[in-house]
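In my numbering, the protein residues as written are 642 to 821.
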């Protein structure tokens with residue numbers, strides 16, 4: 642069976658569903674009338690993380706348009722895989738480097754985008770960072786958050802791997818995707 646869906650419509654729907662869950666609304670995703678996924682919110686001090694499952698095997702990179710194309714004041718959503726993060730760079734410098742490497746944003750422009758709060762950062766794979774570097778990565782994210790508080794940010798990790806960390810993210814809340 643082949644199911645076709647418009648990518649832009651799906652991205653907007655997913656963003657809306659996540660926003661609804663963060664507001665505390667009950668969000669349930671169904672397939673053929675059966676509930677298959679529920680987005681659940683947790684308080685900021687929870688040891689839970691938002692679990693974002695995507696198909697890494699597909700080798701695809703998400704496009705970065707959706708609402709930002711329609712409204713220039715809306716931040717541009719950008720996906721970064723934290724597995725490539727290195728302790729040698731600040732998170733801001735690493736993001737600028739990745740903008741250039743992954744999305745061909747010019748080297749001179751990339752730091753301005755990061756510093757100018759022009760991005761909605763989707764940092765995937767905290768659980769894929771080398772285990773001995775994960776706490777430092779969390780510290781780098783928290784430091785970035787303090788310096789760039791207006792930048793929208795989501796970090797994705799397997800829940801158990803995040804729960805096993807001693808260092809925790811300084812975020813207002815978390816979402817965990819759970820099967821029903």
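Glycine included, every Cβ here is placed at the ideal spot set by N, Cα and C.
Skipping 5 residues on each side, what residues in its chain have a beta carbon closer than 6 Å to that of residue 659?
For the purposes of this step, residue 659 is taken as residue 18 along the chain shown, with counting starting at 1. Answer for residue 659: no residue qualifies.
CA-CA distance, residue 891 and residue 742?
Coverage of the chain is limited to positions 642 through 821, which leaves residue 891 absent and any answer about it impossible.
Residue closest to residue 791, alpha-carbon to alpha-carbon, out of 747, 758, 745 and 754:
If you number the chain shown from 1, residue 791 lands on position 150. Checked all of 747, 758, 745 and 754; the closest Cα to residue 791 is 758.
Any chance the stretch 775-782 sits against the stretch 742-754, with 3 or more Cβ pairs inside 8 Å?
no
Whole-Å CB distance - residue 762 paired with residue 793, under 8 Å assumed
Sequence index remark: in the chain shown, residue 762 carries index 121 (1-based). Sequence index remark: in the chain shown, residue 793 carries index 152 (1-based). That pair is a contact at about 7 Å.
Mind checking residue 808: buried by the 16 CB within 10 Å criterion, or exposed?
The count along the chain shown starts at 1 and reaches residue 808 at position 167. Exposed.
Thinking just about the alpha-carbon of each residue, which of 666, 733 and 740 is nearest to the one in residue 786?
Taking the chain shown and counting its residues from 1, the one referred to as residue 786 is at position 145. Nearest of 666, 733 and 740 to residue 786, Cα basis: 733.
Rounded C-alpha distance that separates residue 723 from residue 810
Residue 723 sits at position 82 when you count from the first residue of the chain shown. Residue 810 sits at position 169 when you count from the first residue of the chain shown. Their backbone Cα atoms lie some 14 Å apart in a straight line.
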